[in-house]
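Peer 1:
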Amino acid sequence: MEVLKKPAFNVSIIKWHKKFGRHDLPWQKSKDPYHVWVSEIMLQQTQVVTVISYYQKFITKFKTIKALAEASEDDVLSMWSGLGFYSRARNLHAASIMIMKENSGHFPDNFQDMIRLPGIGRSTAGAILAFCFNKPYPILDGNVKRVLSRVYGITTPINNSRTEKKLWLLSEKNLPKKNIDIYTQAIMDFGATLCIPKRPICNICPITQTCVAYVNGLTTQIPKKNPVKKNEIKKTHFYIYEYQKQVFLVKNRSGVWNGLWLPPNEEIKLKNKQIIKYGHRQSVFSHYKLVFEYTFIKALAKPEIKLKGLWINWQDIQDIGLPAPIKKLLIELSP
DNA sequence: AAAACGGGGAA
DNA sequence: TTCCCAGTTTT
Numbered sequence: 205m206e207v208l209k210k211p212a213f214n215v216s217i218i219k220w221h222k223k224f225g226r227h228d229l230p231w232q233k234s235k236d237p238y239h240v241w242v243s244e245i246m247l248q249q250t251q252v253v254t255v256i257s258y259y260q261k262f263i264t265k266f267k268t269i270k271a272l273a274e275a276s277e278d279d280v281l282s283m284w285s286g287l288g289f290y291s292r293a294r295n296l297h298a299a300s301i302m303i304m305k306e307n308s309g310h311f312p313d314n315f316q317d318m319i320r321l322p323g324i325g326r327s328t329a330g331a332i333l334a335f336c337f338n339k340p341y342p343i344l345d346g347n348v349k350r351v352l353s354r355v356y357g358i359t360t361p362i363n364n365s366r367t368e369k370k371l372w373l374l375s376e377k378n379l380p381k382k383n384i385d386i387y388t389q390a391i392m393d394f395g396a397t398l399c400i401p402k403r404p405i406c407n408i409c410p411i412t413q414t415c416v417a418y419v420n421g422l423t424t425q426i427p428k429k430n431p432v433k434k435n436e437i438k439k440t441h442f443y444i445y446e447y448q449k450q451v452f453l454v455k456n457r458s459g460v461w462n463g464l465w466l467p468p469n470e471e472i473k474l475k476n477k478q479i480i481k482y483g484h485r486q487s488v489f490s491h492y493k494l495v496f497e498y499t500f501i502k503a504l505a506k507p508e509i510k511l512k513g514l515w516i517n518w519q520d521i522q523d524i525g526l527p528a529p530i531k532k533l534l535i536e537l538s539p
């Protein structure tokens with residue numbers, strides 16, 4: 205009797221990618237590690253569609269590692285404004301300075317030197333090594349976790365350290381002997397477009413025969429996740445002062461939105477003031493909900509503010525590092 | 001309202 | 001090693 209040999213999972217994925225994968229993303233145009241690095245950092249906690257325009261703006265503004273290293277942190281954060289998880293931008297900037305100092309501007313070509321850079325961990329280093337240097341390193345992002353847990357029928361929670369260890373081993377085990385760059389892109393595209401979190405499109409999937417979750421009817425239950433802790437509520441108040449078409453902002457130096465500009469959260473005594481508006485907003489983070497009230501105060505005389513900060517023209521708020529909900533609020537309040 | 005998206009750094 | 005922290009968009 206003839207034994208039908210099933211194609212290996214990784215070979216099937218590469219074949220699938222030729223026809224159905226994404227080939228025209230902006231960062232796929234070059235193998236320049238700087239480009240791939242920036243894209244990988246942006247993609248760490250953000251979806252492709254959101255990243256595209258930010259990536260293009262960022263690379264246009266900072267064309268090389270040198271240009272990034274020579275920029276101010278303010279400039280870097282302003283390009284990141286709205287993308288969230290701002291430590292990614294601060295780390296990218298800090299890493300570019302390290303690369304200038306320690307490696308004369310050349311991005312490292314090996315795993316050990318890469319993960320020394322702030323913001324680059326095992327998965328990000330693996331992606332850069334595969335895409336730019338054709339080296340067989342595994343990655344383990346959300347897509348890969350989902351695909352592997354379904355293919356192997358892993359029912360333990362994927363946000364658990366034992367399961368994660370197992371997934372790393374599987375990711376490594378499945379690396380193809382050749383075309384590591386294509387495979388790495390392929391498994392991410394496959395996870396992002398076909399083996400999606402809810403309602404995976406199994407009817408056109410090329411690997412259902414070897415997918416344990418599919419064969420056992422478990423695709424909706426895998427991957428399983430431990431529940432995340434619930435959100436507490438934090439409250440704060442912003443005082444938005446306007447004087448002669450300018451608004452006053454201070455640099456935040458802690459917690460969320462570290463390094464970004466915010467309206468002060470303490471009231472400043474004014475002799476002549478004209479309060480325009482009160483209101484409140486909320487902003488949901490992964491670990492808590494921030495409820496903030498705001499008071500919009502139009503000053504009739506220049507306020508004497510002891511806080512260190514800056515007066516900025518309304519139209520210039522586009523160009524500084526502001527959190528998305530604050531930028532939105534200021535744009536609504538601007539004349 | 002909940003889910004999706006990894007890695008740094010303190011404990 | 002483990003735990004805590006960190007933002008916005010999409011579903």
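Residue numbers for the first sequence follow the working numbering, beginning at 205 and rising by one.
Just so it is clear, CB atoms sit at the ideal spot from N, CA and C, and this is done for glycine as well.
Counting only runs that start and end within the region 259 to 285, where is the alpha helix (DSSP H) found for 4 or more residues in a row?
Peer 2: Fully enclosed alpha helix (DSSP H) runs of 4 or longer: 269 to 274, 277 to 284.
Peer 1: Can you tell me the Cα-Cα spacing of residue 469 and residue 422, whole angstroms?
Peer 2: The alpha-carbon atoms of residue 469 and residue 422 are separated by roughly 50 Å.
Peer 1: Does residue 221 pass the burial test, meaning 16 or more other C-beta atoms within 10 Å, or should it be called exposed?
Peer 2: Flag for residue 221 reads buried.
Peer 1: Let me make sure I understand the geometry here. Which of 286, 287, 278 has the alpha-carbon closest to that of residue 298?
Peer 2: Nearest C-alpha to residue 298: 278.
Peer 1: Whole angstroms are fine: how far does the CA of residue 332 sit from the CA of residue 231?
Peer 2: Going by the C-alpha atoms only, they are around 12 Å apart.
Peer 1: Give me the Cβ distance between residue 466 and residue 442, rounded to the nearest whole Å; I'm assuming they're in contact under 8 Å.
Peer 2: The Cβ separation is near 7 Å, so the contact holds.
Peer 1: Return the chain-ordered list of same chain residues with a C-beta closer than 7 Å to the C-beta of residue 406, the five sequence neighbours on each side being excluded.
Peer 2: Here the set comprises 412, 418, 423.
Peer 1: Is DSSP giving residue 587 helix, strand or coil here?
Peer 2: Any answer about residue 587 is impossible in this case: the structure gives the chain only from 205 up to 539.
Peer 1: Give the straight-line distance between the Cα atoms of residue 309 and residue 280, rounded to the nearest whole angstrom.
Peer 2: Answer to the nearest angstrom: the Cα atoms are 18 Å apart.
Peer 1: Just to confirm my understanding: we take residue 396, look at its own chain, exclude 5 residues before and 5 after, and list those with CB closer than 6 Å. What are they?
Peer 2: Excluding residues within five positions, the ones whose Cβ falls inside 6 Å are 347.
Peer 1: With DSSP collapsed to three states, give me the class of residue 450.
Peer 2: Strand, per DSSP.
Peer 1: Can you grab the Cα-Cα spacing for the pair residue 325 / residue 483, in whole Å?
Peer 2: Looking at the two C-alpha atoms, the distance is approximately 41 Å.
Peer 1: Could you check the C-alpha separation between residue 252 and residue 461 for me, to the nearest Å?
Peer 2: Straight-line Cα distance between these residues: approximately 22 Å.
Peer 1: Would residue 237 be called buried (16 or more neighbouring beta carbons within 10 Å of its own) or exposed?
Peer 2: Buried: at least 16 other Cβ atoms inside 10 Å.
Peer 1: Measuring alpha carbon to alpha carbon, tell me which residue in 429, 439, 478 is nearest residue 365.
Peer 2: The candidate whose alpha carbon is nearest that of residue 365 is 429.
Peer 1: Does residue 485 come out as helix, strand or coil in the three-state DSSP assignment?
Peer 2: Here residue 485 sits in strand by DSSP.
Peer 1: If the criterion is Cβ atoms closer than 8 Å, does the pair residue 437 and residue 495 meet it?
Peer 2: Yes, Cβ-Cβ distance for residue 437 and residue 495 is below 8 Å.
Peer 1: What are the boundary residues of the beta strand (DSSP E) that residue 495 is part of?
Peer 2: Here the beta strand (DSSP E) through residue 495 covers 492 to 503.
Peer 1: With residue 347 as the anchor, note down where its alpha helix (DSSP H) starts and where it stops.
Peer 2: Taken as a continuous stretch (DSSP letters only), the alpha helix (DSSP H) holding residue 347 covers 346 to 355.
Peer 1: Where does residue 519 sit, in a helix, a strand or coil, going by DSSP?
Peer 2: Residue 519 falls in the helix class under three-state DSSP.
Peer 1: Given the structure, does residue 534 come close to the ligand NAD, in the sense that its CB is under 7 Å from one of the ligand's heavy atoms?
Peer 2: You won't find the ligand NAD in this model; it holds no ligand whatsoever.
Peer 1: Going by the DSSP bridge assignment, what does residue 436 pair with across the sheet?
Peer 2: In DSSP, residue 436 forms a bridge with 492.
Peer 1: Between the region 385 to 395 and the region 448 to 455, can you find at least three pairs of beta-carbon atoms closer than 8 Å?
Peer 2: They do not touch, by the three-pair rule.
Peer 1: Quick check on residue 387: does DSSP put it in helix, strand or coil?
Peer 2: Note: residue 387 maps to helix in three-state DSSP.
Peer 1: Just list the residues that DSSP pairs residue 465 with in beta bridges.
Peer 2: Answer by DSSP bridge pairing, in chain order: 455.
Peer 1: Mind checking which residues open and close the alpha helix (DSSP H) that includes residue 238?
Peer 2: Run containing residue 238: 237 to 247, per the alpha helix (DSSP H) assignment.
Peer 1: Report, in whole angstroms, the separation of the C-beta atoms of residue 224 and residue 414, which I expect to be a contact under 8 Å.
Peer 2: About 18 Å separates the two Cβ atoms, so there is no contact after all.
Peer 1: Hey, out of 491, 476, 427, 526, whose CA is closest to residue 506's CA?
Peer 2: The residue with the shortest Cα to Cα distance from residue 506 is 476.
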